[in-house]
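All remarks here apply to the structure that follows.
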Ligand SMILES: Nc1ncnc2c1ncn2[C@@H]1O[C@H](COP(=O)(O)OP(=O)(O)OP(=O)(O)O)[C@@H](O)[C@H]1O
Ligand SMILES: [Mg+2]
């Protein structure tokens, strides 16, 4: 977890204050202790000295019982712990109070000092003051409070003062830093957040430190630059979108013009197919107009005329249907899924009346109940028609063309594969590499544009399929289209 700026400032200030105030407090407390102890020492020494002199003077004037009385009276006065009277050889003459401590302290006077400080056997701090004359000496032990106890109250007050001072400094510094740094930074980041959520301008908080003003200004400049870049990027995206749209329209026009070229070709090939029935019709009409026919014969002629007219009608209807622009034609993904079997039938119907087809055998083998594919029926017909017309051109009279459609893929069939093969000379080797590129043709000017296979590939790939020339075939040509099945829920449009 990352600590916020406020917590970090608080921790750092706390550490600094501890480092600054603890040694100071320790030094002052120690000095106070020592000073107070010294004061207590000189005070006790003065009292002790007075008592010792008094006993020294009174010692020779009093009997030993009176001396004991004096000693016990003296030990009752404030601060006196014990008094001991000794002869010139250091032998005890009389003692009163905590004698053990006075003896212990007397022995320390052997060095000749007049004062001694120490801890007696009763663990009291005591000061021994000694007064002597030629008959002996008097030692007074004064009770001393332990060093720390003397200054305890003062030190406590000082500790409290230091703690309050440190806390006040901490709070003051914390609020100052928060106001100067944390809050302006927070406002700046909130402003940046607003920009991230769509605001058009970075509102820099005013009234902060100079450095923060500089930071805010550069942030604003940066934001404005980013925004202008974003605007120009959006502009470019718009341009690209428009270009894509124009491209799609051009592609749609290309597909359509390729279709119309096929229509033109088909129409030319139909002249003969329509010409024959029309000649038959004229002949029958002449016979009818000549008169002298029985009712039976008239009826038979009219029925034959009817059949011929229907034939012409069917051929022209198929051609018109193919030529008609289909809705959503350019975007094959939008178009309704098509049924392969119907498309194969439509293609045969369009091709069979062709003049050149009389000497060519067209075989279709379509597996029953094929799933619908992502290409519409019109698109399927356009693709198949180009392949079959190419095959017709290639194999010529006596040729054989086969259209075969079946499922492909594993158990759960992925789609439909359609093969169009012929027994012609095969694709010329020099164009195999670029076969599906536009304007690749071996046909003379006016006979072919070289757009057919390019348009086929465009349509098939837009539906997620592939179209390839089977390279394993050595005699003739075999084109294979593999189309994924249409999304579930879509039904073939017959
Ligand atoms: N079945 C085939 N057998 C031999 N060559 C073929 C076959 N199909 C296509 N080709 C070759 O591929 C070339 C390109 O075919 P594509 O359909 O793209 O254009 P095109 O038929 O020449 O002209 P368009 O189709 O635009 O009228 C053809 O010119 C032909 O040389
Ligand atoms: Mg072609």
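Residue numbers (the working numbering): 61 to 554.
Ideal Cβ positions, reconstructed from N, Cα and C, are used throughout, including at glycine.
No experiment lies behind these values; they were computed from the predicted model shown.
Query	Result
Using the beta-carbon of each residue, find all residues closer than 7 Å to any heavy atom of ligand 2 and list them in chain order.	446, 449, 450, 508, 512, 513
Using DSSP with H/G/I as helix, E/B as strand and the rest coil, what is residue 373?	helix
Over what stretch of residues does the beta strand (DSSP E) that includes residue 528 continue unbroken?	526-529
Under the rule that 16 or more other beta-carbon atoms within 10 Å means buried, what is residue 342, buried or exposed?	exposed
Within the continuous beta strand (DSSP E) that includes residue 119, where are the two ends?	Taken as a continuous stretch (DSSP letters only), residue 119 belongs to no beta strand (DSSP E), being part of the alpha helix (DSSP H) at 65-119.
Between which two residues does the alpha helix (DSSP H) carrying residue 555 extend?	Outside the shown range of the chain, which is 61 to 554, sits residue 555, and nothing can be said about it.
Less than 8 Å separating the Cβ of residue 537 from some heavy atom of ligand 1?	yes
Could you give the DSSP three-state label for residue 163: helix, strand or coil?	helix
Nearer than 8 Å: is that true of the beta carbon of residue 413 relative to any heavy atom of ligand 3?	Because ligand 3 does not appear in the structure shown, any question about it cannot be addressed here, the ligands present being ligand 1 and ligand 2.
Tell me whether the beta-carbon of residue 440 lies closer than 9 Å to the beta-carbon of residue 403.	yes
Around the C-beta of residue 204, are 16 or more other C-beta atoms found within 10 angstroms, so that it is buried, or is it exposed?	buried
So, is residue 450 buried or exposed, given that buried needs 16 or more other C-beta atoms within 10 angstroms?	buried
From residue 254 to residue 248, what does the alpha carbon distance come to, in whole angstroms?	10 Å
Per DSSP, what kind of secondary structure is residue 123 in: helix, strand or coil?	coil
Are there any heavy atoms of ligand 1 lying less than 8 Å away from the beta-carbon of residue 527, as far as the coordinates show?	no
When you measure from the CB of residue 260 to every non-hydrogen atom of ligand 1, does any distance come out below 8 Å?	no
Candidates 122, 544, 236, 240: which alpha carbon is nearest residue 397's?	544
Using a threshold of 8 Å, is the CB atom of residue 503 nearer than that to any non-hydrogen atom of ligand 1?	yes
Does the Cβ of residue 488 lie closer than 8 Å to at least one heavy atom of ligand 1?	yes
Might you give, ordered along the chain, the residues of its own chain that have their beta carbon closer than 6 Å to the beta carbon of residue 511, omitting 5 neighbours on each side?	318, 498
What residue range is occupied by the uninterrupted beta strand (DSSP E) comprising residue 481?	475-482
Would you tell me roughly how many angstroms separate the C-alpha atoms of residue 63 and residue 71, rounded to the nearest one?	10 Å
Rounded to whole angstroms, what is the Cα-Cα separation between residue 477 and residue 299?	39 Å
To the nearest whole angstrom, what separates the beta carbons of residue 238 and residue 66, a pair I think is in contact under 8 Å?	6 Å
For residue 123, which option in 154, 110, 148, 138 has the closest C-alpha, if you only look at C-alpha atoms?	154
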